[in-house]
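J.: Got a structure for you, written out below as structure tokens; questions coming shortly.
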Amino acid sequence: MKTVEWWLSAVSWWCLTSAAPGALFLVWEEDLRGVATDWGKLDGEINSLGGSMRAVWADRQGDRIILFVRAETAHNLSEFLVHEAYGQLKGPMGRWNLTLGRVRLPWGLLTDWSPDRLPHNSPYTGTRMLDSDNGLGWHGTVGSWDYGLALTQGYGMQDVEEFPGPGLVTGRIGFTPDESGDITVGLSLSGGTVHSSEERPHESHGIEEKRIAASLDGTLRLGRGVYRFEGGARRTQEEWRATAFVTADYALMPKTVLQFAGQLYQTDKSDATGWVYAGLAVPLASVTIRVGYQYEPAETDQHKVVVQLYRYMAVSR
Amino acid sequence: MTRLFPDARDYRTITVPIAPEELKRIEARAGAPLLPGQREQYQYFEILDARGQVIGYTQAMTQKGEFGAIELVFGMDREYRVVRVYIQRQRERDQSFREESFLNRFIGLAPADADQLTDPRGDQGTVGTRAVTLGIQQALLEFDELVLKKRHKEPRGFDAAPTNVFRVATP
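Sequences listed follow chains V and H, in order.
Quick note: the first sequence uses my numbering, first residue 3, plus one each step.
Quick note: the second sequence uses my numbering, first residue -2, plus one each step.
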């Protein structure tokens, strides 16, 4: 346990204090949101302030060692989350990479997309195992194929209670059939035991749950639109849950992007339900304004209008 | 990068700071300002063979299209001539700038040619073809001002390792 914590701290500290990496990439994100629900409630918050730092060192054969940290403080600065903190050994041309630390699990659309800064629900709450976890990762790209495999503890971003922990295996294989990269498809599989406190953070001690999950994902870039799909199933203890998620971004005008998203999910013990979202994004230099409406019939607040101010800044040296 | 250099064994990321006077020269030669986020640092990649020797260079540029960013990547050989250009990401209505017949017009260009570079489609050009042309022109000029001119001032050879490479001490 202490070894894991020491390693995460060491990577973070090394990244923050590294004096002379070959290349250093810094990203800063601000996500402010106002939400109005059908009960007339108005709420505003600093949804997230966060960023990432990537330091790259090269030897005479090329880029070789990468240290990466990504963290945020969320919900009016009430939570601090270290999403990723790892050291990476990069192989030739990125055909293989080994990572050690807190890694993002190789799963579905997440290899090239993230719902974190979007104003609608995350499609992953019900479909997959964990977001990030501590352990060993192996990923790379060979020709038209990309792959990722992670052997991790199963604690996610919660406290590490013992070493090595319950144990989780997550993998994805992706295929990009043509050079344009307009179409990608992937298959993800995961199995193991996770500490369910990841999904119940207010409980002091989570329970361990055996889970397996599988998903298919696809991305199509066509003209002014980007269309994504992910569908799969997860079995937790004795319950199966199937989900299907779609999202579409379409550049309606030079500074106006239409965004749609929706998800259906069903367990073997309940009827199908889900949510839908429609909104607009207006990118203005480093700031993007998003306004959207989400309908989720299973929730008490079925109707939700969200206004988001999102700023992204990136520098390198 | 293997699309540009099938024989490549690996690559090395190089980041070069842009001094204010260098920025002025680059923008004056291009006739257009660099985009925010591209004005302080310039980044390119050295493509290496199995012995760690440089066999070419790759540059990735982002330019403004009509409906968002157009990301393009191109490679240069050891003589700094463009060997291939491809479009990585875009979401334009007009797709003519993705055609091989357009992109191939940049093959053979060198940094010294960049000052005179204009949209190969001329009056028939679109926002996309002009953005790609400007992106390649600015990248070539940056390479000229920030890499080649500095190399000519320095005594070490072209393939000498840059200063940001860590070395293992030899006895």
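Every residue, glycine too, gets a C-beta built ideally from N, C-alpha and C.
Excluding the 5 residues flanking THR101 (chain V) on each side, which residues of the same chain have their C-beta closer than 6 Å to its C-beta?
T.: These residues qualify, in order along the chain: TYR88, GLN90 and GLY139.
J.: Quick one: what does DSSP say SER206 (chain V) is sitting in, helix, strand or coil?
T.: Here the model assigns SER206 (chain V) a pLDDT of 46, short of 50, so the residue's position is not dependable, and the following value carries that caveat. In this structure, SER206 (chain V) counts as coil in the three-state DSSP scheme.
J.: Within the 8 Å Cβ cut-off, does ALA5 (chain H) reach chain V?
T.: Chain V, which has a Cβ nearer than 8 Å to the Cβ of ALA5 (chain H), makes this yes.
J.: Just the C-alpha distance for LYS306 (chain V) and ASP33 (chain V), rounded to the nearest angstrom, thanks.
T.: Each residue's alpha carbon lies about 18 Å from the other.
J.: To the nearest angstrom, how far is the alpha carbon of TRP109 (chain V) from that of GLN261 (chain V)?
T.: C-alpha separation (whole angstroms): 22 Å.
J.: So for SER98 (chain H), helix, strand or coil by DSSP?
T.: Three-state result, SER98 (chain H): helix.
J.: Spatial neighbours of ARG22 (chain H) within its chain, please: CB distance less than 7 Å, with the 5 preceding and 5 following residues excluded, ordered by chain position.
T.: Correct list, in chain order: GLU142.
J.: List the residues of chain H whose Cβ lies closer than 9 Å to the Cβ of MET95 (chain V), in chain order.
T.: Result: MET(-2), THR(-1), ALA5, ARG6, ASP7 and TYR8.
J.: Which chain H residues are close to ASP65 (chain V), counting only those with a beta carbon under 7 Å from its beta carbon?
T.: In chain order: TYR8, ARG9 and THR10.
J.: Please look up how many angstroms separate the CB atoms of GLN265 (chain V) and TRP277 (chain V), rounded, as I've assumed it's under 8 Å.
T.: So it is a contact: roughly 6 Å between Cβ atoms.
J.: For MET95 (chain V), count the other beta carbons within 10 Å of its own beta carbon; 16 or more makes it buried, fewer makes it exposed. Which is it?
T.: Per the 10 Å Cβ criterion, buried.
J.: Comparing the CB of ALA27 (chain H) with every heavy atom of the ligand ZN, is any distance shorter than 7 Å?
T.: As presented, the structure is devoid of all ligands, the ligand ZN included, so that no description of it is given.
J.: Which value, in whole angstroms, describes the spacing of the CA atoms of PRO285 (chain V) and LEU254 (chain V)?
T.: Going by the C-alpha atoms only, they are around 12 Å apart.
J.: Quick one: which chain V residues come within Cβ less than 7 Å of PHE64 (chain H)?
T.: Chain V residues near PHE64 (chain H): ARG226, ALA253 and PRO256.
J.: Under 9 Å Cβ-Cβ, which residues of chain V neighbour TYR83 (chain H)?
T.: What TYR83 (chain H) touches in chain V: GLU181 and SER182.
J.: Starting from the beta carbon of GLU37 (chain H), find every residue of chain V whose beta carbon is closer than 7 Å, and list them in chain order.
T.: Here the neighbours are VAL317.
J.: Would you decide whether LYS150 (chain H) is buried or exposed? Buried here means 16 or more other CB atoms lie within 10 Å of its CB.
T.: The residue in question, LYS150 (chain H), is exposed, as its Cβ has fewer than 16 Cβ neighbours within 10 Å.
J.: How should PHE165 (chain V) be labelled, buried or exposed, when 16 other C-beta atoms within 10 angstroms of its C-beta is the threshold for buried?
T.: With fewer than 16 other Cβ atoms within 10 Å, it is exposed.
J.: Contact between the stretch 83 to 94 of chain H and the stretch 57 to 69 of chain H is defined here as three or more beta-carbon pairs at a separation below 8 Å; is this criterion met?
T.: Yes: the two stretches touch, three or more of their Cβ pairs being nearer than 8 Å.
J.: For ASP40 (chain V), I'd like the list of residues in its chain whose CB is within less than 7 Å of its CB, leaving aside the five on either flank, ordered along the chain.
T.: Taken in chain order, the residues that qualify are ASP303, GLN304 and HIS305.
J.: Could you check whether PHE99 (chain H) and LYS55 (chain H) sit closer than 8 Å to each other, using their CB atoms as the reference points?
T.: For the sequence presented, residue 55 (chain H) should be read as Thr rather than Lys. No; because the gap between Cβ atoms is not below 8 Å, this pair is not in contact.
J.: Below 8 Å CB to CB, which residues in the same chain sit around VAL144 (chain V) once its five sequence neighbours on both sides are set aside?
T.: If we look at VAL144 (chain V) and ignore the five residues flanking it on each side, its Cβ neighbours are ARG97.
J.: To the nearest angstrom, report how far apart SER124 (chain V) and GLN50 (chain H) are at their CA atoms.
T.: If you take the alpha carbons of SER124 (chain V) and GLN50 (chain H), they lie about 46 Å apart.
J.: If you drop the 5 nearest sequence neighbours on each side, which residues of the same chain put their C-beta closer than 6 Å to that of ASP46 (chain H)?
T.: Correct list, in chain order: ARG6 and ILE52.
J.: Please list, in chain order, the residues of the stretch 12 to 23 of chain H that have any C-beta partner in chain V closer than 9 Å.
T.: Against chain V - using a Cβ distance shorter than 9 Å - the residues of the stretch 12 to 23 of chain H are THR12 and PRO14.
J.: In the DSSP assignment, find the unbroken alpha helix (DSSP H) run with ALA27 (chain H) in it and report its ends.
T.: Residues 17 to 27.
J.: Residues bridged to SER116 (chain V) by DSSP?
T.: None; SER116 (chain V) has no bridge partner.
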